[in-house]
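To keep things clear, I will list the structure first and then write my remarks on it.
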Ligand SMILES: [Zn+2]
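Numbering (the numbering used here), first residue to last: 237 to 496.
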């Protein structure tokens, strides 16, 4: 049985093959975030726009750890948080506010990954934010939005400000809170998350080392711009596609129940 057949073998008949494949990828993304240690108990949320719709998304059930997420327990909701198919779970309201804001403001975005990690929060709390100090960070050079902390996102009127803060950028730094990474599919959004995490971790180590008096070497601006443009537009495929099959194999080795 090949990978696609395995995915579809657990598919309930009322869910289209396209939506099921997306659910499997999104459930894998949750498992990977837990595996890499970027989860935050049952908090934070990742989502995907339902294929063929403009106003529906799949998001995690409130109260489940990320390693408990499966393709079938993801909840289908509209952007007001109304649950659209029978479920024993409720969505996380702050997730509806934040993810709905991005989908409403950015028709190009199909997936949103939201993390709270120490590295995200530390870099976001620095006035200059993420700096181009590593190859990982180059893809974000002048391609990051920043959003000032307003408290837990429970007010729908924050949506307009979130949309303004992210602009056309693929990633939004939520200062003092975490990160929002977007993608045109799950693999791209996960890749954005992965590279931001590695960038932030490296930056914090560099800045800690420099506290001893060492001077930090920063590549010239034109080098950063050239590399950022290459990552943004000149790659033969979307970011993250090359490693996604390998990441699914990792998920299968860890616990294949995400596919159910
Ligand atoms: Zn959050």
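Cβ coordinates follow ideal geometry from the N, Cα and C atoms, glycine included.
| query | Smallest Cα separation from residue 367: which of 443, 428, 256, 311? | reply | Numbered from 1 along the chain shown, position 131 holds the residue referred to as residue 367. Per the Cα distances, 443.
| Regarding residue 269 and ligand 1, is the C-beta to nearest heavy atom distance less than 8 Å? | Position 33 of the chain shown holds residue 269. Not so, every heavy atom of ligand 1 lies at least 8 Å from the Cβ.
| said: If the criterion is Cβ atoms closer than 9 Å, does the pair residue 496 and residue 323 meet it? | reply: The residue given as residue 496 occupies position 260 in the chain shown. The residue given as residue 323 occupies position 87 in the chain shown. It is not a contact, given that the beta carbons lie outside the stated cut-off.
| query | Would DSSP call residue 383 helix, strand or coil? | reply | Position 147 of the chain shown, counted from the start, is the residue given in the question as residue 383. Correct three-state label for residue 383: strand.
| Between the stretch 291-305 and the stretch 273-283, do at least 3 Cβ pairs fall closer than 8 Å? | yes
| Just the Cα atoms here: how many angstroms apart are residue 258 and residue 284? | Position 22 of the chain shown holds residue 258. Position 48 of the chain shown holds residue 284. Rounded to the nearest angstrom, the two C-alpha atoms are 8 Å apart.
| residue 273 CB to nearest heavy atom of ligand 1 below 8 Å | Walking along the chain shown from the start, residue 273 turns up at place 37. Answer for residue 273: no, Cβ out of range of ligand 1.
| Shortest alpha-carbon distance to residue 361 belongs to which of 465, 330, 383? | Stepping through the chain shown from its first residue, residue 361 is reached at position 125. Minimum Cα distance to residue 361 is reached at 383.
| said: Let me check you understand the geometry: is the CB of residue 289 closer than 8 Å to at least one non-hydrogen atom of ligand 1? | reply: The residue labelled residue 289 in the question sits at position 53 within the chain shown. No, the Cβ of residue 289 stays beyond 8 Å of every heavy atom of ligand 1.
| query | Would the beta-carbon of residue 334 be found less than 8 Å away from any heavy atom of ligand 1? | reply | Position 98 of the chain shown, counting from 1, holds the residue named residue 334. Checking the Cβ of residue 334 against ligand 1 gives yes.
| In the DSSP assignment, what are the bridge partners of residue 327? | Here residue 327 is taken as the residue at index 91 of the chain shown, counted from 1. Answer is 297.
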